[in-house]
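Residue numbers (our numbering), protein chains in the order written: chain S, 318 to 629; chain Y, 480 to 848. Each residue gets a CB set at the ideal place from its N, CA and C atoms; glycine is no exception. Take a look at the structure set out below.
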Amino acid sequence: MDFLLDPQALSDFLSTSLRLSIPIIFAAVGGVISERSGVFNIALEGCLLGGAFGAAVGAYVTGTPFGGLFLGLAVASLAGLILAALAVGLAINQLVAGIAINILMIGLTSYLARLILGADATETLPGFAPLTIPLLSSIPVLGQVLFTQDLLTYLMYLLVPLTWWVMYKTPWGLNLRAIGDYPVAADSAGISVSRVRLIAVLISCAMAGLGGCYLVLSQVFVFTEHMSAGKGFIALAALILGRWNPVGALLACLFFGMSDALQLRLQFGSPDVPYQLFSMVPFIASFLALVLFAGKVRPPAAIGIKYVRGGK
Amino acid sequence: MMLTAIRYFYVLRPVWAVLLALFAGSGLILIAGVSPITAYAELFKGAFLDYWGLAGTLVKTSPILLAGLAVILPLRAGLLNIGAEGQIYMGGLFSAMAALLLPAMPPLILVPICVLAGALGGGLWGMIPGYLKAYHGMNEVILTILLNFIAINIVSYVAGGPMMQEGAPYPYSEEIRQELWLPWIMDGTDAHAGVVVGLALAMVMYFVLKYSTIGFALDTIGKNATAARYAGVPVRPYIVWVMFAAGALGGLAGTFEVLGLKYRLYHHFSPGYGFDGIVVAFLATVNPLVAPIAAFFLSGLKAGALVMQRAVGLESTVIEAIQGLVIIFVAASLGFKFNATRWSLFLQRRRKLDAEVGDTFATFRKGEE
C-alpha cells in the first residue's frame, strides 16, 4: 500500500480506478433511471456489450470514433427497445426479458463481429484521445486524475448530475419516481405508465451502451467477444448499494473501480500467484458490499411488478 | 371442440416460437452467404440423425438438462436461480477434489462419494443466496450472478494453482483414475450415464412437485409468500432448502462433466451450461417433464452447430445468436396468454355470424330457384 504515499503513483492508481469504473458508472446510472420507473434492467450487461460492438463496427466502417459512438448508441437503444417491448409492452417477467436480451446480445455480437470485423478484429480502431483541460488539470493529484481524460469521461461528468437533476428536480422525474413506487396512483393522476417506462428503459439502455462505447473507443480500441465480462452485473450491484440514486451509484462504482485497480496492481506485483485469485476481487467486493451494507435498503416499491391497466 | 383446439395451440406456443426463431435465424445465415436450408439440414442431420452426432448431443444434454432442473425447481417458488453456472463449477470442483484427494477405496463406495461431494458443493453454493434471500430479503438474482463469477475464478485458481498438473500447458488438474469414470451409454462414444441420471431426476421432480406437499408448498410460496406463511408453510427454511436442492442439481451437472467426460478439473470447463439451463426452463414452460425434450433440442443445436460449421463453412457462433432469438421469441410467446372467455365469446359471435350468413345464402338460393 506504499504507493498511496507517492503523489505520482497515487495519481496513477486513482486514474486507473476512474477509468475502470467509467463503463460501470454509465451502466449503473442508466440502470437507476429504469429501476426507479419500476423496470428491473438486468439487460445492462447486454446493452454494454451491444454498445461496445456497435462502437467497434461504427468506428471500423466510418473511420472516426464519432461513427462508433453513434452506432454503439443505436445498438444499445435497439436492445432497450426489445426490453421495453417485452417487459412493458407484453408484460413479461422483466428478469426473463433481460436475460433473453443478454443471451441474444452475446450470440449476435460474436457472430456478427466475426462476419464484419473478421480478420481485422485485432486491428486497433480509431478512438477518443485524452483532452487536457487547462488550469483544472494543474490541480495537484486530482487535476491529473480528473481532467486529462477523454470526451466520454467528460460526458459522464455531465450526465450524472444531469440525471440527478432530472430525477429529483423536474416534473418528469417526479412522474418517474411515482410510477416506480405506486403505478396505480400515477395512472389515475393521468400519467401514462407505459410511456414513461418505455422512455426510461430506452435512456437506461442507451447509457449502458455509452459504457460499452467507452470500453472500445477510449480503453482498448478493439472488440473482443463477450468483452463486457460481467460489468453490467457489477453495475446492478452498484446501483443497489447506491440506493437507486445516481450519485450513490456513482460512488459505489468508484469503489468497485478502485477494488479493480487494486487487484490489477496485486496481479502485476505477484506474478507467481495465479491471477484468478485477484481477478475475483471485484466480484467478492460487490458481493460483500451488498451483504454487509445493503441489507436494509428499500427498492422502488413497484420494481419488477408488471403494470397492466385495470389489472390487479 | 374448437376451444380445446385453440387451447392446445396456445399450450404449444413455445414450439411456434422456436420455429419462428429458426426462421428469423435463417436471415442471419443468409447474410453470411450460405443457404439456410442446407445449413439447417446439416445441423439437424449432424445433431440427431447420425450415431456419433446423437452421442455428441447426449453428451451436452446431461449438463444442460440438470442445469435446467436447477432453474425450474426454485422457479416454482418464485426464485430465479441464475447461479446454475457457479453451482456447476463448485460441483465440478468438489467432485474432482474427492476423486483426486481421497484415499483409495473400492469404486463402488468412492464413486457415490464423489458424486455426493459434487452435489454438496453445488448445494452449499446455492444455499448462500438462499439464506440471504430468506433471512435478509436480498435479491437472489444479483447474488447468484456475482457468485457465478466468484466460482468460475475459484475453479480457475485451483486448476491453475494448488491442483494444477505439473508441466500442464494451461490450467488443469491430474487425471482421475479410470475406475472412477462414469459408465458409457453408447459404445465407442463419449455419451455417458449423466443424461440417464438427469432423466430420472426430471421424473422424480415431476412427481414430487405434482403429488407431494413439498410441491404444493413451493407453488403456494411462489404465488403468495404471505398466504403460505399464514397457511403454516415455513417459508424461510423452504427457500433455503429449495436453493440447496437446486444448487445440488447444478453441482451434479458439473460432477458428471468431470467424472463422465473430462476426467480432469479444467478451468472454464463449462461453456455457459448454467445459462442454457435458464433457456431450458422457459422452453419447457417450467415443467420438469418437458425439460428433457427442451434440453435435448438445445443440445442438438449446439452439437449440430459444429457439424454445420465443418460442412458449409458457417461460423458456429451463429447458433449462439439463434439461441438468443429462440429465447426472445419464447419469452415473447409467453406474453400471449390463453383467455378462455374471450375466445369462447369470439367463437360464439362467429357461429352467430355463420348462421346469419347461412340464412342469407338460403334465402338467396330460394330466390334463384
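Margin query: At the 8 Å Cβ level, is Y/Ile806 part of the contact set with chain S, yes or no?
Written below: At a cut-off of 8 Å, the C-beta of Y/Ile806 has a neighbouring C-beta in chain S.
**OP:** Just mark S/Val625 as buried or exposed, buried being the case when its beta carbon has 16 or more other beta carbons within 10 Å.
**Re:** exposed
field: C-beta neighbour in chain S for Y/Gly803, strict 8 Å
entry: yes
Please report whether the beta-carbon of S/Ala552 lies at a distance below 8 Å from any beta-carbon of chain Y. Not closer than 8 Å to any Cβ of chain Y, the Cβ of S/Ala552 fails to qualify, so no.
Exercise. Return no unless some Cβ of chain S is closer than 8 Å to the Cβ of Y/Asn632.
Key: yes
As assigned by DSSP and simplified to three states, the class of S/Ser338: helix
- Query: In whole angstroms, what is the alpha-carbon distance linking Y/Ala563 and S/Ile420?
  - Reply: 15 Å
Q) Run through DSSP, which three-state label would Y/His615 get? A) helix
Y/Leu780 versus Y/Ala732, Y/Leu482, Y/Lys524, residue with shortest Cα-Cα distance: Residue nearest to Y/Leu780 within the set Y/Ala732, Y/Leu482, Y/Lys524 is Y/Lys524 (criterion: CA-CA distance).
Practice task
Starting from the C-beta of S/Ile399, find all residues in its chain whose C-beta is less than 7 Å away, skip the five residues before and the five after it, and write them out in chain order.
Solution key: Ile418
Of the choices S/Ile450, S/Leu519, S/Lys548, S/Ala555, whose alpha-carbon is the least far from that of S/Ser354? S/Leu519
Using a 10 Å radius around the Cβ and a threshold of 16 neighbouring Cβ atoms, would you call Y/Met576 buried or exposed?
Burial is judged here by how many other beta carbons sit within 10 angstroms of a residue's own beta carbon; Y/Met576 has at least 16 and is buried.
**Request:** Identify which residue in Y/Ala647, Y/Gly565, Y/Ala500 has its Cα closest to the Cα of Y/Gly753.
**Result:** Y/Gly565
Practice task
Would you mind telling me which residues of chain Y sit closer than 7 Å to S/Gln593, beta carbon to beta carbon, in chain order?
Solution key: Asn632, Ser635, Tyr636, Gly639
field: Proximity of Y/Val758 and Y/Gln827 at Cβ, strictly below 8 Å
entry: no
Compare the Cα-Cα distances from S/Ala344 to each of S/Cys522, S/Asp589, S/Gln536, S/Ala414 and report the closest residue. S/Cys522
message: Assuming the contact rule is C-beta atoms closer than 8 Å, S/Gly574 and S/Leu327 should be a hit. Round their C-beta distance to whole Å, please.
response: The C-beta separation of S/Gly574 from S/Leu327 comes to about 15 Å, leaving the pair out of contact by the 8 Å criterion.
Please list, in chain order, all residues of the same chain as S/Phe604 whose beta carbon is under 7 Å from its beta carbon, the five residues on each side excluded.
Apart from the 5 residues on each side of it in sequence, S/Phe604 has no Cβ closer than 7 Å to any other Cβ in its chain.
From Y/Ser541, Y/Ile621, Y/Leu813, pick the residue whose C-alpha is nearest to that of Y/Leu678; which is it? Residue Y/Ser541 is the option with its Cα nearest to Y/Leu678.
- Message: At the level of alpha carbons, what is the spacing between S/Ala373 and S/Thr541?
- Response: 10 Å
Keeping to the same chain, check which residues put their C-beta closer than 6 Å to that of Y/Ala707; ignore five residues upstream and five downstream.
So the qualifying residues of the chain are Thr699, Ile700, Val714.
- Query: In or out: Y/Arg743 buried (at least 16 other Cβ within 10 Å) or exposed?
  - Reply: buried
Comparing the C-beta of Y/Met606 with each C-beta of chain S, is any distance below 8 Å? Answer no: the Cβ-Cβ gap between Y/Met606 and chain S never drops below 8 Å.
Next on the checklist: Closest to Y/Val797 by C-alpha separation, out of Y/Glu645, Y/Tyr489, Y/Leu509, Y/Arg486, would be which residue?
Outcome noted: Y/Leu509
Requested in this report: List the residues of chain S that Y/Thr796 touches, going by C-beta distances under 7 Å, in chain order.
Outcome: Gly424, Ser427, Tyr428, Arg431
* Whose C-alpha, out of S/Ala619, S/Leu335, S/Arg615, is nearest the C-alpha of S/Tyr471? -> Measuring from the Cα of S/Tyr471, the nearest candidate turns out to be S/Leu335.
key: Beta-carbon proximity of Y/Phe628 to S/Phe610, cut-off 8 Å   = no
Exercise for review: Would you tell me roughly how many angstroms separate the C-alpha atoms of S/Leu390 and S/Leu452, rounded to the nearest one?
Suggested key: 32 Å
**Request:** Using 10 angstroms around the beta-carbon of Y/Val490, count the other beta-carbons present and answer buried if the total reaches 16, otherwise exposed.
**Result:** By the neighbour-count rule (16 or more Cβ atoms within 10 Å), Y/Val490 is not buried but exposed.
Restricting to Cα atoms, I'd like to know which of S/Ile409, S/Ser576, S/Gly415, S/Ala506 is closest to Y/Val620.
S/Gly415
Checklist entry - Which runs of the alpha helix (DSSP H), 4 residues or longer, sit entirely within the segment 457-537 of chain S? => result 459-463, 468-486, 488-498, 500-505, 510-531
Just to confirm, is the Cβ distance from Y/Gly667 to Y/Phe735 under 8 Å? no
* Step through the CB atoms of chain Y and report whether any lies within less than 8 Å of the CB of S/Ile450. => By this cut-off, S/Ile450 is not an interface position.
| If you draw a straight line from the alpha carbon of S/Gly371 to that of S/Ala393, how long is it in whole angstroms? | Going by the C-alpha atoms only, they are around 8 Å apart.
Item to complete: Kindly list the residues whose CB is nearer than 8 Å to the CB of Y/Leu793, restricted to its own chain and excluding five residues on each side of it in sequence; keep chain order.
Response: Ile508, Ala511, Val513, Ala518, Met787
Item to complete: Please list, in chain order, all residues of the same chain as Y/Lys539 whose beta carbon is under 7 Å from its beta carbon, the five residues on each side excluded.
Response: Only Ser778, Lys781, Ala782 meet the Cβ criterion.
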